[in-house]
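Asker: One structure coming up, written as structure tokens, with questions to follow.
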Amino acid sequence: MGHTTVDALNILEDHNPDVIVMDLSMPGDSFAAIDVMLASYPSTKVIVFTASSAIQPAVELIEAGISGYVLKGASSSDLHHAIISAHSGETYITPGFATKVIVSMKTAELRRKAQAPERLHHREEQIVSALLKGLTNREIGVSLSISEKTVKHYMTSLMSKLNVRNRVELVIAVRNRTSPRDRIAS
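Residue numbers (the UniProt record's numbering): 1 to 186.
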């Protein structure tokens with residue numbers, strides 16, 4: 001049993017355990033040690049055991065790849081469940097706290113999606129360019145040497161990516177994504 005992050009890294013190096021439990025309050029930089037563990041010992045599952053119920057560190061550690069996050073105030077069986085889950089390739093988070101973490105992760109993902117519009121593939125950009133010129137699906141297909149059915153598939157994909165329901169909304173969304181200079185060039 002280690003008392004510092006250096007001890008934990010030494011145990012990992014010497015014994016290569018299936019699972020290691022890290023206390024975030026142990027002396028040393030726990031976050032840096034966990035980063036080293038995840039990068040250098042990918043077969044070892046890392047479980048964090050902590051008194052901290054702060055959401056952001058939990059989210060960051062889970063996104064980094066830990067296999068469990070157990071709060072010290074939880075039931076005594078939580079750590080056991082976390083170890084069993086880690087062995088099964090699952091991620092365990094203390095119940096109750098897990099809901100808060102998931103909500104935070106979903107909110108962050110929605111924010112990321114709203115801030116960074118999804119990039120269009122080359123063929124999608126070609127179809128959008130033709131759409132902005134007022135071409136029909138058939139005309140787009142002829143101009144790009146693809147079938148009308150393939151054009152419809154791309155239209156469906158574009159509408160999904162840009163979260164719109166029809167061609168008019170698609171044109172508006174595309175115009176909002178591009179600068180006036182880009183529109184003049186096409």
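The C-beta atom is built at its ideal place from N, Cα and C for all residues, glycine as well.
Can you list, in chain order, the residues of its chain with a C-beta nearer than 6 Å to that of residue 21? Leave out the 5 residues immediately preceding and following it.
Answerer: So the list reads 47 and 49, once near-sequence residues are dropped.
Asker: Within this structure, are the beta carbons of residue 5 and residue 43 separated by less than 8 Å?
Answerer: no
Asker: Taking 7 Å as the limit between beta carbons, can you name the residues of its chain near residue 173, skipping five residues before and five after?
Answerer: 162 and 164
Asker: For residue 94, which beta-bridge partners are listed by DSSP?
Answerer: Paired residue(s): none; residue 94 is not in a bridge.
Asker: Classify residue 135 as helix, strand or coil using the three-state DSSP reduction.
Answerer: coil
Asker: Do residue 137 and residue 159 have their CB atoms nearer than 8 Å?
Answerer: The Cβ atoms of residue 137 and residue 159 lie no closer than 8 Å to each other.
Asker: Span of the beta strand (DSSP E) holding residue 71?
Answerer: 68-71 is the span of the beta strand (DSSP E), which, as asked, contains residue 71.
Asker: In or out: residue 82 buried (at least 16 other Cβ within 10 Å) or exposed?
Answerer: So residue 82 counts as buried.
Asker: Is the Cβ-Cβ distance between residue 104 and residue 66 less than 8 Å?
Answerer: no
Asker: Would you mind stating whether residue 61 and residue 34 have Cβ atoms separated by less than 8 Å?
Answerer: Their beta carbons are under 8 Å apart, which means residue 61 touches residue 34 by this criterion.
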